[in-house]
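Residue numbers (this note's numbering): 627 to 835.
Glycine residues also receive a C-beta, built at the ideal position from the N, C-alpha and C atoms.
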């Protein structure tokens, strides 16, 4: 994403944000096997991005609540993105589909309502995360301790192995939750690095030389 922004500026290509996302998505082929706009759209636009349509590509940027912060823990284990994609089910039963659509709607509704707690409830998943849980030792234990420490919601970040928790900074200390997640990994014999983050502004030009 940052490379696409830099080259666009350097060569005066004047690409639109959609064209930049499409170009950067091609780089996903190297790690995932096929182009995906999900990650690079957020990296380019910032905040939360929603892929409305893939062909043609249409992306919406939604501004996250100012009190939404993230506790992230990076375990010292390797999860290959292609493997993480390969374990996903090829078919999904109707009840799981209905559950996930409801959770996705709750997450977006939480953004619209500036309600971090509702966003957290929208992070629950009945399809992808259960299929990938065996790739991350101690996943359920980490999630349990994060929620107990006050996280509004917890999930695997992307294909993993990082775990991300959303926190209402008006109610809880994000660092405390990140450390609780680190401790949870330690309890199952996995070293990890805790990180606290706020919504990003997206890739941008800092200076020109």
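Those residues which DSSP pairs with residue i across a bridge
i           : result
residue 821 : 698
residue 791 : 697 and 780
residue 687 : 675
residue 680 : 683
Given residue i as reference, the closest of the options once Cα atoms are compared
i           : options               : result
residue 723 : 752, 732 and 737      : 752
residue 625 : 741, 754, 731 and 738 : Residue numbering for the chain in the displayed model covers 627 to 835; residue 625 lies beyond these limits and cannot be assessed.
residue 730 : 697, 796 and 677      : 677
residue 706 : 827, 792, 794 and 654 : 654
residue 791 : 750, 760 and 757      : 750
residue 694 : 679, 741, 662 and 727 : 741
Same chain only: Cβ atoms within 7 Å of residue i, ignoring 5 sequence neighbours per side
i           : result
residue 673 : 687, 688, 689, 690 and 825
residue 818 : 699, 700, 701, 702, 808 and 811
residue 646 : 630, 631, 634 and 670
residue 735 : 744
Cβ shell of residue i (< 8 Å), same chain only, five flanking positions each side left out
i           : result
residue 640 : 634
residue 748 : 729, 730, 731, 732, 733, 734, 735, 736 and 779
Cβ distance (whole Å) where residue i is taken to contact residue j below 8 Å
i           : j           : result
residue 833 : residue 631 : Incorrect: roughly 13 Å between the Cβ atoms, too far for contact.
residue 713 : residue 732 : Residue 713 to residue 732, Cβ: 25 Å. No contact.
residue 627 : residue 666 : 5 Å
Same chain, Cβ closer than 6 Å to residue i, neighbours up to 5 away in sequence not counted
i           : result
residue 794 : 693, 742 and 778
Neighbour flag for residue i against chain B, beta carbons, 8 Å
i           : result
residue 740 : Looking at the structure shown, chain B is missing, and only one protein chain is on hand.
* Asked: Using 8 Å as the threshold, is the stretch 784–791 in touch with the stretch 693–713, meaning 3 or more CB pairs across them?
  -> Here the stretch 784–791 lies against the stretch 693–713, with 3 or more beta-carbon pairs under 8 Å apart.
* **Meets three-Cβ-pair contact criterion under 8 Å: the stretch 771–784 and the stretch 796–804** => yes
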